[in-house]
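K.L.:
Following my numbering, the numbering of the sequence shown begins with 15 at its first residue and continues without gaps.
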Amino acid sequence: MYHLRVMDLSDPERARAELERIGADPAGVARMIDKAGFLAIRVEGLRAPAANILKQEMLSLGADAAVARGVVNGSTDRSDALVLGTRKQVRRLVRKLRPQPFGLKVLAAELRDLLAREEPREFRWHGGVLRLDGRPLVMGILNVTPDSFSDGGDYFDREAALDRALQMVEEGADLLDVGGESTRPGAPPVPLEEEERRVVPVIEHLAHRVGVPMSVDTYKAAVARRAVGAGAALVNDVSGLRMDPAMAGVVADLGAGLVVMHMRGDPRTMQSDTRYSDLVGEIFRALEESVDRAVEAGVARDRVWVDPGIGFGKSAEQNLVLLRRLAEFRSLGCPVLVGASRKSFIGRTLGIEDPKDRLEGSLAAAVVAVWNGARILRVHDVRATRRAADLAWAAGRVTEE
Ligand code: HH2
15 MYHLRVMDLS DPERARAELE RIGADPAGVA RMIDKAGFLA IRVEGLRAPA ANILKQEMLS
75 LGADAAVARG VVNGSTDRSD ALVLGTRKQV RRLVRKLRPQ PFGLKVLAAE LRDLLAREEP
135 REFRWHGGVL RLDGRPLVMG ILNVTPDSFS DGGDYFDREA ALDRALQMVE EGADLLDVGG
195 ESTRPGAPPV PLEEEERRVV PVIEHLAHRV GVPMSVDTYK AAVARRAVGA GAALVNDVSG
255 LRMDPAMAGV VADLGAGLVV MHMRGDPRTM QSDTRYSDLV GEIFRALEES VDRAVEAGVA
315 RDRVWVDPGI GFGKSAEQNL VLLRRLAEFR SLGCPVLVGA SRKSFIGRTL GIEDPKDRLE
375 GSLAAAVVAV WNGARILRVH DVRATRRAAD LAWAAGRVTE E
């Protein structure tokens, strides 16, 4: 009667607590933490000899790496791999790969960076600082549009927009996302001048009145420039820097923060084809490219947030998969933002037509997102999300038991 229990100790702090509870020697605790967490790391595009060596080295460490069958019988010259081992085994793998040929030196460096990668702990803007290592942040949506999918027209009037902004801050919003163009599926583009006319005065007015940073939800560099000039701290680009070639340079130039979101195509076409051969892999690679584009243009890496783009060119089931597998995006090393609030996948899953009647589904999505590592939640219902997210976060934290 040994009361056997399987534990999840992938979080190093959890592992430490359990090792200490066992009464392990303090020096042993430090050594064993790296053995308690199991990693499955996907590697893409290895040359066949590199894949072979990778497998052999992992086997020699008492671990394994899955490679394509064709690598073993010589029928393929490229393979992806799944490196399967403890953190400690992967660290030792890095040392073993460093002197090797066939591109393995580069793989060693990338694995080392992955293990060392840390998300930024804070975001500083001209008005203050936002901590990114505490409870998740709630970003309140302010749509200054006549046609947004759930609240179009509600805050189109400037006074109504200002009241709504102040109300969301009062309800616990850590930041506000101001948008002047609906990006719901099928939405028509809004001319530049009209978009500026909608968002710039609102941002200007709020900048002196709300104590929280604002982002401007736009993919147009000219709108971003004027909005940041008016007081916005971040640019939220739903195209991930793909729609306006000037955007990355403008954000760098202004020293603003940046959200890069994944969207396939544009809002008019994005739902016409939602087939992916590898949903998470494709979105991951696209976001990686967006982050690289930002950094190459001079945006500091610790000012970039990533977002898989729930509802942008994805089926209802795919949106659920993204929520479940959200933690994989943390390997990008940037805070993960999720915008699931009131979206149609919630309506489809629960059979609810009216977006304003999707609160419970939105809260459930927020909780799953927080549990899977989301740092920022973009939502319409601030007070309710604040509470749900705080509870999810508190339950996921390591606390004294
Ligand atoms: N979703 C919408 C708009 N902007 N930005 C980010 N980063 N992530 C999102 O998921 C996201 C976004 C769409 O929602 P909403 O603003 O409520 O509607 P509309 O585009 O119709 O104005």
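By construction, the Cβ of each residue, glycine as well, lies at the ideal position given by its N, Cα and C atoms. In this text the structure is predicted, and so the values were computed from the model without any measurement.
#1: Less than 8 Å between the beta carbons of F326 and M257, yes or no?
#2: Which first and last residues belong to the beta strand (DSSP E) in which E136 is found?
#3: Report the rounded CA-to-CA distance for V305 versus H17, giving the unit in angstroms.
#4: Taking 6 Å as the limit between beta carbons, can you name the residues of its chain near E195, skipping five residues before and five after?
#5: Going by beta carbon distance, what residues of the same chain come within less than 8 Å of G186, once the five residues before and after it are set aside?
#6: Could you tell me whether the segment 350–360 touches the segment 305–316, where touching means 3 or more Cβ pairs closer than 8 Å?
#7: Whose C-alpha, out of G42, A174, R106, E32, is nearest the C-alpha of R19?
#8: Taking buried to mean at least 16 other C-beta atoms within 10 Å of its own C-beta, is Q70 buried or exposed?
#9: Looking only at its own chain, which residues have a Cβ that is under 6 Å from the Cβ of F116, when we skip the five neighbours before and after it?
#10: Using the beta-carbon count (16 or more within 10 Å), is I36 buried or exposed?
#11: From A122 to V81, what does the alpha carbon distance come to, in whole angstroms?
#12: Can you tell me where the alpha helix (DSSP H) with R178 in it begins and where it stops?
#13: Cβ of N250 within 7 Å of any heavy atom in the ligand HH2?
#14: Extract the residue ranges of the beta strand (DSSP E) inside the segment 144–231, only unbroken runs of 3 or more that lie entirely within it.
#15: Based on DSSP bridge pairs, tell me the residues matched to T363.
#16: Less than 8 Å between the beta carbons of V158 and F170, yes or no?
#17: Can you find the residues in the same chain that come closer than 7 Å, C-beta to C-beta, to V108, ignoring five residues on each side of it along the sequence?
#18: Closer than 7 Å: is that where the CB of L156 sits relative to any heavy atom of the ligand HH2?
P.N.:
Looking at the coordinates:
#1: No, Cβ-Cβ distance for F326 and M257 is not below 8 Å.
#2: Residues 136–139.
#3: Between the C-alpha atoms of V305 and H17 there is a straight-line separation of about 47 Å.
#4: Closer than 6 Å at the Cβ level, and outside the excluded window around E195, lie V204, E209.
#5: The answer, listed in chain order, is V152, V396, R397, R400.
#6: At 8 Å Cβ cutoff, the stretches do not touch.
#7: Ranking the options by Cα distance to R19, first place goes to E32.
#8: Burial call: exposed.
#9: Counting only residues of its own chain and dropping the five nearest sequence neighbours on each side, F116 has a CB closer than 6 Å to the CB of R61, P63, A64.
#10: Exposed is the call here.
#11: Rounded to the nearest angstrom, the two C-alpha atoms are 17 Å apart.
#12: Counting along the chain, the alpha helix (DSSP H) containing R178 begins and ends at 172–184.
#13: Between the ligand HH2 and the CB of N250, the shortest heavy atom gap is smaller than 7 Å.
#14: Within the segment 144–231, the complete beta strand (DSSP E) runs of at least 3 residues are 151–157, 189–193, 228–231.
#15: T363 is not bridged to any residue.
#16: V158 is a Cβ neighbour of F170, given a cutoff of 8 Å.
#17: Once the five neighbours on either side are set aside, the close Cβ partners of V108 are A122, L125, R126.
#18: Distances taken from the Cβ of L156 to the heavy atoms of the ligand HH2 include none shorter than 7 Å.
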